[in-house]
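All residue numbers for the sequence shown refer to my numbering, where the first residue is 864 and numbers rise by one. Cβ coordinates follow ideal geometry from the N, Cα and C atoms, glycine included. Quick notes on the structure that follows.
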Amino acid sequence: MKKVVTMQDISCVGKCSITAAFPVISAMGVETALIPTAVLSTHTMFQGFTFCDLTKEIRPIMDHWEKEQFRFDGIYTGYLGSFEQLDIASELFERFGKDGFILVDPAMADNGKLYYGFDQKFADQMAKLCGKADYICPNLTEASFMLRKEYCGDNYDEAYVREELKELCALGAKTAILTGISLEKGKTGAYAYDSVNDEYHTFFTDEQPEHFHGTGDLWAGTLCGALTIGKSLDDAMKIACLFVAESIRLTLAEKDHNTYGVNFEQAIPYLMRLLNE
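If you want it as C-alpha cells, here you go:
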C-alpha cells in the first residue's frame, strides 16, 4: 500500500486542513500518516476557537519515525503557522522525502491579502520551502507574495499565468500549479507548468456561485492522493477539480451550508468513479 505523510493543523470541527485531506487521501487507497502542527477546537471561521500549538512535538515525532525506519511515497504540507514550522517542514523533506514526491500547498493568503499573523518575510521563507518541492499549488495571491509582485486581482490573461508559473518554477519547484484560475467567464480551474518537460497543463470546470472554507485543502489533498496512486498530472488535476466542484454542488443543495465547509463526504462515491475512468 502506498503511504504519504501530511503536515498541517487539525480543526476538531470544520472541514479544512487535515480533516479534509486525510479522509479523501485514505479513500483513494493511500495510507496517510499525520504530523499535526496545531489543534483547534473549530476552524477559524468560527468565533472564539481554542488553539494548541504542537510545534515542540514535531521533531520528537520525526525522531521516532526515523528510528522505526518509516518510508513514504509522498509528503504533503498545508497550512504552516510559523517560521519554525517552515524550518521543520524543510527537515521533514530532508529526512523522509527521498523515496517519493513532495507537494507544498503554501496556504497563507487569499484575495490579495496574507492571513492574519503573516508578513512578507514569511512569504519569502515559504518561497524557499516551495523551492524544495516537486509540486506546489498556490493561488494567485500566494504566488504574488512569493514572487514579490503586485497582486493582479482579476486582471490577467493566459500569457500572465504562464509567465507567473515559470517564475514560480524558477524558485526551484519542478511543477507549479496555480489554482482558482479563470480565463473565461463562468469557468474556473487550475493551470500548471511542468518545468522538467516544459509542458503546460490545464483543467477547468463551471464556476460555482459561492466560495467555501477548506476547498483549497480539499483540492490539494485530492491532488496528493491521485499523484500517489500513479495518476498523471493531467488526470490528477482533472480529478481534483471535478471532485471539489461536485462537493460544492452537493453543499449548495442544503439550506445551512456555509459554516462547516463543503460536503465532500457525500461526493466520495463520485470520486471513486473518477478514479476508475
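Enclosing alpha helix (DSSP H) for residue i [first to last residue]
| i | result |
| --- | --- |
| G1079 | T1078 to T1091 |
| L1134 | F1127 to L1138 |
| Y1023 | E1021 to A1033 |
| A1108 | L1096 to L1115 |
| R1144 | Only positions 864 to 1140 of the chain appear in the structure, and residue 1144 is not among them; the question remains open. |
Other residues of its chain near residue i: CB distance less than 7 Å, five sequence neighbours each side excluded
| i | result |
| --- | --- |
| K1029 | Y1056 |
| S953 | L992 and K995 |
| D916 | A901 |
Residues near residue i in its chain [Cβ-Cβ closer than 8 Å; skip 5 each side]
| i | result |
| --- | --- |
| I1111 | Q1071, E1073, F1075, T1078 and V1125 |
| Q1129 | S1110 and L1113 |
| M1009 | P969, A986, D987, M989, A990, C993, P1001, L1031 and L1034 |
Reduced DSSP category for residue i - H, G, I as helix; E, B as strand; rest coil
| i | result |
| --- | --- |
| P1001 | coil |
| S889 | helix |
| H906 | coil |
| A1006 | helix |
| T913 | coil |
| L966 | strand |
| D936 | coil |
| K1050 | strand |
| A884 | helix |
| L992 | helix |
| S976 | The residue asked about is misnamed: residue 976 is Lys in this sequence, not Ser. Correct three-state label for K976: strand. |
| E929 | helix |
Beta bridge counterpart(s) of residue i as assigned by DSSP
| i | result |
| --- | --- |
| P923 | The partner list for P923 (beta bridge, DSSP) is empty, contrary to what the question assumes. |
| D1057 | T1038 and E1062 |
| A986 | A986 pairs with nothing; no bridge assigned. |
| E894 | K866 |
| F1067 | G1052 |
| P1072 | BP columns for P1072 are empty, so no partner. |
N- and C-terminal bounds of the beta strand (DSSP E) containing residue i
| i | result |
| --- | --- |
| A1149 | Residue 1149 lies beyond the stretch modelled for the chain, which goes from 864 to 1140, so this question has no answer here. |
| D872 | K866 to S874 |
Close Cβ partners of residue i (< 6 Å) along its chain, the five nearest in sequence each way excluded
| i | result |
| --- | --- |
| L1046 | E1021 |
| S904 | C875, F912 and T913 |
| M908 | H1076 |
| G963 | F935, D936 and G937 |
| F959 | F935 |
| I951 | I921 |
| L1086 | A1099 and A1103 |
message: Under 8 Å: do the stretch 988-1008 and the stretch 890-902 share three or more Cβ pairs, one atom per stretch?
response: no
- prompt: Is the number of C-beta pairs between the stretch 1001-1009 and the stretch 972-983 that are closer than 8 Å three or more?
  reply: yes
query: Taking contact to mean at least 3 C-beta pairs separated by less than 8 Å, is the stretch 1089-1104 in contact with the stretch 877-885?
result: no
- prompt: Using 8 Å as the Cβ pair cut-off and three pairs as the minimum, do the stretch 939-947 and the stretch 867-875 touch?
  reply: yes
query: Taking contact to mean at least 3 C-beta pairs separated by less than 8 Å, is the stretch 1050-1065 in contact with the stretch 1029-1042?
result: yes
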